[in-house]
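Residues in the sequence shown are numbered consecutively from 1, following the working numbering.
No residue lacks a Cβ here, since even glycine has one placed at the ideal position from N, Cα and C.
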Amino acid sequence: MFSTAFLDIPALAGASGTVRLPGSKSISNRVLLLAALASGTTTVHDLLDSDDTRVMLDALRALGCGIDAAGSTLRITGIGGQLKPGGPMLPLFLGNAGTAMRPLTAALSLLGGEFELSGVPRMHERPIGDLVDALTQLGCRIDYLGNPGYPPLRIRPVDHGALVLDAPIRVRGDVSSQFLTALLLALPLAARKDIVIEVVGELISKPYIEITLNLLARFGIAVQREGWERFTIPAGSRYSSPGDIHVEADASSASYFIALGAIATGASGQDSIRIEGVGADSIQGDIRFIEAARQMGAQVDSGPNWLDVRRGAWPLKAIDLDANHIPDAAMTLAVMALYADGPSTLRNIASWRVKETDRIDAMANELRKLGATVDSGPDFIRVHPLERPGWQAASIRTYDDHRVAMCFSLAAFNPAGLPVRILEPHCVAKTFPDYFETLFSVAQAPEVPVICIDGPTASGKGTLAAEVARLLGYHYLDSGSLYRVTGLAMRRAGLSAEPQHEAQIAALAAALPLHFTEGKVLLAGEDVSDEIRTEAAGMDASRVSTLPAVRAALLALQQRFRQLPGLVADGRDMGTVIFPDAALKVFLTASAAQRAERRHKQLISKGISTTLDSLRSDLEARDARDSSRSVAPLKPAQDARHLDNSQLSIEQSIDQVLNWWQEKQPFKPA
Ligand SMILES: Nc1ncnc2c1ncn2[C@@H]1O[C@H](COP(=O)(O)OP(=O)(O)O)[C@@H](O)[C@H]1O
Ligand SMILES: Nc1ccn([C@H]2C[C@H](O)[C@@H](COP(=O)(O)OP(=O)(O)O)O2)c(=O)n1
1 MFSTAFLDIP
11 ALAGASGTVR
21 LPGSKSISNR
31 VLLLAALASG
41 TTTVHDLLDS
51 DDTRVMLDAL
61 RALGCGIDAA
71 GSTLRITGIG
81 GQLKPGGPML
91 PLFLGNAGTA
101 MRPLTAALSL
111 LGGEFELSGV
121 PRMHERPIGD
131 LVDALTQLGC
141 RIDYLGNPGY
151 PPLRIRPVDH
161 GALVLDAPIR
171 VRGDVSSQFL
181 TALLLALPLA
191 ARKDIVIEVV
201 GELISKPYIE
211 ITLNLLARFG
221 IAVQREGWER
231 FTIPAGSRYS
241 SPGDIHVEAD
251 ASSASYFIAL
261 GAIATGASGQ
271 DSIRIEGVGA
281 DSIQGDIRFI
291 EAARQMGAQV
301 DSGPNWLDVR
311 RGAWPLKAID
321 LDANHIPDAA
331 MTLAVMALYA
341 DGPSTLRNIA
351 SWRVKETDRI
361 DAMANELRKL
371 GATVDSGPDF
381 IRVHPLERPG
391 WQAASIRTYD
401 DHRVAMCFSL
411 AAFNPAGLPV
421 RILEPHCVAK
431 TFPDYFETLF
441 SVAQAPEVPV
451 ICIDGPTASG
461 KGTLAAEVAR
471 LLGYHYLDSG
481 SLYRVTGLAM
491 RRAGLSAEPQ
501 HEAQIAALAA
511 ALPLHFTEGK
521 VLLAGEDVSD
531 EIRTEAAGMD
541 ASRVSTLPAV
551 RAALLALQQR
561 FRQLPGLVAD
571 GRDMGTVIFP
581 DAALKVFLTA
591 SAAQRAERRH
601 KQLISKGIST
611 TLDSLRSDLE
621 ARDARDSSRS
631 VAPLKPAQDA
641 RHLDNSQLSI
651 EQSIDQVLNW
661 WQEKQPFKPA
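Rendered as structure tokens:
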């Protein structure tokens, strides 16, 4: 996951390959609650691991469920519809997870304990009054702790004998279908008699109700449905665990990759995007996004649990769609509309206004930043396509809304070749923590940005480069470590850095069984991180690095580090030889005295004893060798910016480099 303040997605030109998507949020949280209310143990396969499922699991654990996770499988032992009596008041924090807040409100109101349910500030702006009203009609005792009609809530113990089960329970269906889902999931707890629920107003998002009914049936509860207005939970309904249950991949998450297949072609101009984990026969309503994507021109093939999508019509065909049945996935259409042959309109989407943020306003604002003309109203949005000269590079605000972040990544395919900056990209953790990594695994960029930091030993290159990479979410190449490992391999093979061994050492370098994990360097599985950091190893590295065949052998390996979304590379010849087209090159120096002192401190702190004088003379010898060798000597690239950090702190050096980088970016302010 990217935990950076922003993520710059370079202009993307194509995409092809296979993605496996995480489990559906809607199915995951429903299954968890049903398994928690059932008796016995349910093994849940392919559960989504995200913020929203984590808050649900924390709540269920607090209620006394046994939860045991192993890889992508989770075993949950339910409470059999009953809480242990006499527990203390339980405060439950549910973040911004509507799929936890709504059903838990209903279930806990009927379970009998005392609870306080709260969430993040946005959760306290998301309406829940219609659900609370329905539960109150029934005899449940729920108080608002803040604004009436909104969380946080206080739930008091209920007297099951006093529940009013004779009259139908009436609930509004036109604000959020989650209220009805919550009642359907929870009311079997009270089904001494038949319980009838009547929907008031036109029910929105019906496919989500279908998921609810489908999963209730898996847990032994056969709800009778008359149209979309009346639902009956039969007397004596009891949750019974199905034993094993598989969670389909999230169809809403699939929408970004279906769109990707419709927009992008592969390197050969005809490859497709294959999506695994969900097929066209999915129980999730958002799978009908496929129909909309087809209408816009996508070619979609499907089989059991897979989809295969490729570009059909181009530009995409404009669409005018009642998107009430796919409210979440329809946001993706709003970005696809930028690539269409005319204005596209999405209608009947008033529910967007009460989601993680006001999604109609959010989409309109951010699409306008890209240069688009957008009209919107209480329940619709109309997006005009963008011609090449109209596109602007924008910093996209994401409003703590995962779907805004994910769908705007598709703007990186703009024909103007502009990058897109996504602010607070970590909001995707709500449903798809590795969304951007998954996108980058199939996307191709004509130019992956590189920042080079070259300079003499102990100038602080490694420290600076690693931190800049971390702050930008870029990959990091410590090229010196490759020469250090080659030096070590040379020693172990009983060779020395002489011309007569050059070919053998180069062969070793070309086949180094090298892995970088969690800041460690592994050579054939052995952790050599400390061994390659000694001054002797630095000297060996400097010696092998003078051999042209060794440098040639390491070239391709270094260039393979250049991957989306970008790279920061440090060394001696990053800017001159390995990445001559890098967008920013920094030549980092500090006085020899300063560098010797820094290295001295560094080695002492690692418990390695040495003297300042010997360090300084080693360092000067190494500088001389690195600068005077015939191939790729240490020297600033012609277009490098010089940074002498003798008088700068580490933070000041980082700020300087980030400022230079920012100056090169085309983004307009957020
Ligand atoms: N600007 C700076 N001011 C003071 N010390 C620094 C600065 N930059 C790096 N250092 C310290 O100098 C030492 C050597 O830095 P390092 O990044 O290993 O250098 P290099 O990769 O160039 O050999 C480290 O202990 C680091 O914390
Ligand atoms: N791109 C590079 C990186 C390192 N080298 C050589 C020259 C250096 O003295 C050694 C060790 O590099 P490294 O960056 O690890 O050394 P310092 O941390 O700066 O002391 O490798 C090189 O020739 N080209």
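Beta strand (DSSP E) containing G571: first to last residue? In the DSSP annotation of this structure, the continuous segment of the beta strand (DSSP E) that includes G571 starts and ends at 567–571.
Taking the straight line between their C-alpha atoms, what separation do you get for E597 and W660? 28 Å
Enumerate in chain order the residues of its own chain whose CB-to-CB distance from A489 is below 6 Å, with the five nearest sequence positions on each side excluded. L508
Closest Cα partner of M363 within the set R170, S205, C407: Among R170, S205, C407, the Cα nearest to that of M363 is on C407.
Count the other C-beta atoms from every protein chain shown that fall within 10 angstroms of the C-beta of Q647, then say buried if there are 16 or more, exposed otherwise. exposed
Ligand 3 heavy atoms versus the CB of D626: any closer than 7 Å? Although ligand 3 was asked about, the structure shown includes only ligand 1 and ligand 2 as ligands.
Nearest-angstrom Cα separation, counted from I453 out to E467: Going from the Cα of E467 to the Cα of I453 covers about 12 Å.
Taking its Cβ as the centre, do 16 or more other Cβ atoms sit within 10 Å of N324, making it buried, or is it exposed? buried
So K520 is in the beta strand (DSSP E); what residue range does that whole segment cover? 520–523
Could you check whether E356 and D308 sit closer than 8 Å to each other, using their CB atoms as the reference points? No, they are not a contact pair.
Does the beta-carbon of S481, which I'm using as the reference point, lie nearer than 7 Å to any heavy atom of ligand 2? yes
Quick check on DSSP: helix, strand or coil for H515? strand
Quick check on this structure: which residue in V544, A259, K601 has the alpha carbon closest to the alpha carbon of R311? A259
For D8, the three-state DSSP class (helix, strand or coil): strand
Per DSSP, what are the beta-bridge partners of Y144 in this structure? Answer by DSSP bridge pairing, in chain order: L153.
Under three-state DSSP, which class holds Y476? strand
Thinking C-beta only, is P157 closer than 8 Å to G112? yes
What does the Cβ neighbour count give for N645, buried or exposed, with the cut at 16 atoms within 10 Å? Counting every other CB atom within 10 Å of its CB across the protein chains shown gives N645 a total of 16 or more, marking it as buried.
For E651, three-class secondary structure by DSSP: In the structure shown, E651 sits in a helix (DSSP, three-state: H, G or I).
According to DSSP, is L547 helix, strand or coil? coil
On a Cα-Cα basis, can you pick out the residue from I169, G487, P449, A458 that is closest to Y476? P449
Neighbourhood of L135 by C-beta, 7 Å cutoff - its chain only, sequence neighbours within 5 removed: A106, S109, I142
Shortest alpha-carbon distance to P385 belongs to which of A337, P425, I349, G377? A337
Ligand 1 heavy atom lying under 7 Å from the CB of Q656: no
Whole-angstrom Cβ separation of P315 and A293, contact assumed at under 8 Å? Actually they do not touch by this definition, with Cβ atoms about 14 Å apart.
Within a Cβ cutoff of 8 Å, which residues of the same chain sit near G607, ignoring the five residues on either side of it in sequence? none
Alpha helix (DSSP H) runs wholly inside the region 374–418, at least 4 long, in chain order: 402–408
Any idea if A222 is buried or exposed, counting beta-carbon neighbours within 10 angstroms, 16 or more meaning buried? exposed
Of the residues N348, F115, L185, S395, which one's Cα is nearest the Cα of E366? S395
Burial state of Q558 (16 or more Cβ within 10 Å): Per the 10 Å Cβ criterion, buried.
Could you say which of L564, G538, T576, R491 lies nearest to L555 if we only look at CA atoms? T576
With respect to 7 Å, is the separation between the Cβ of D540 and the closest non-hydrogen atom of ligand 1 below this value? no
Helix, strand or coil at R491 according to DSSP, with G and I counted as helix: helix
Could you tell me whether the Cβ atoms of V388 and F667 are closer together than 8 Å? Per the sequence presented here, residue 388 reads as Arg, with Val not at that position. The answer is no: Cβ separation not under 8 Å.
For G40 versus V247, is the C-beta spacing smaller than 8 Å? no
Less than 7 Å between the CB of N365 and some heavy atom of ligand 1, yes or no? no
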